[in-house]
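Engineer: Mind looking over this structure? Questions follow.
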Amino acid sequence: MATFKNPFAWTEIYTENLERAQKFYETVLDIKMDRMPIPEGMETDENSENYFEMIGFPGDMQSPGSSGALVKSAMFKPGGGGTLVYFASADCAVEISRVESAGGKVIAGKMPIGEHGFCGICEDSEGNAIGFHSMQ
């Protein structure tokens, strides 16, 4: 069996409002996000069953780890209760402190998780559950 540094290649966070979600993540993570090209076979007409738009998180696809995008799609809808994505940070309390002013909700503030550091769980502006992780 092959050994991978990080088995995740890509993450998509679904949204009903791309601009609102972009503002939320840019504010909370203190990053700049950019629109991405539409995948082949998809359309930008919101009335199409193949409607798909993306705004990408910064990342280097040639380096280990994972990046991803905010996605508005006719095929997938935002909401909690599914997969939980954790964003890496130096101190997760910093990102968590920005969540409510950016339009989200803190579910569980920074908490210790033993030798694995600290984490917190929040809800983004679209109703998706997200996490933040740090070693301090």
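All residue numbers for the sequence shown refer to this note's numbering, where the first residue is 46 and numbers rise by one. The beta-carbon is built from N, C-alpha and C at its ideal position, and this holds for glycine as well.
To the nearest angstrom, how far is the alpha carbon of Thr128 from that of Pro82?
Structural biologist: Answer to the nearest angstrom: the Cα atoms are 25 Å apart.
Engineer: Would you call Ser170 buried or exposed, if buried means 16 or more other Cβ atoms sit within 10 Å of its Cβ?
Structural biologist: Answer is buried; the Cβ neighbour count reaches 16.
Engineer: In three-state terms, what does DSSP make of Phe69?
Structural biologist: Helix, per DSSP.
Engineer: Using 8 Å as the threshold, is the C-beta distance between Cys167 and Gly149 below it?
Structural biologist: Against a cut-off of 8 Å, the Cβ pair of Gly149 and Cys167 comes out as a contact.
Engineer: On a CA-only basis, which of Gly154, Ala119, Pro123, Ala54 is nearest Asp90? Give me that one, please.
Structural biologist: Out of Gly154, Ala119, Pro123, Ala54, Ala119 has the C-alpha closest to the C-alpha of Asp90.
Engineer: To the nearest angstrom, how far is it from the Cα of Ala174 to the Cα of Thr72?
Structural biologist: Cα to Cα, the separation comes out at about 17 Å.
Engineer: Measure the beta-carbon distance from Ser111 to Ala54 and round it to whole angstroms, keeping in mind my assumption that it falls under 8 Å.
Structural biologist: So it is a contact: roughly 6 Å between Cβ atoms.
Engineer: Short check: CB of Gly172 to CB of Gly165, under 8 Å?
Structural biologist: Not a contact, by the Cβ cut-off of 8 Å.
Engineer: Residues in its own chain within less than 8 Å of Gly176 by CB, not counting five upstream and five downstream?
Structural biologist: Once the five neighbours on either side are set aside, the close Cβ partners of Gly176 are Leu129, Val130, Tyr131, Phe132, Cys164, Gly165, Ile166, Cys167.
Engineer: Which residue comes first and which comes last in the beta strand (DSSP E) that contains Glu57?
Structural biologist: Here the beta strand (DSSP E) through Glu57 covers 55-59.
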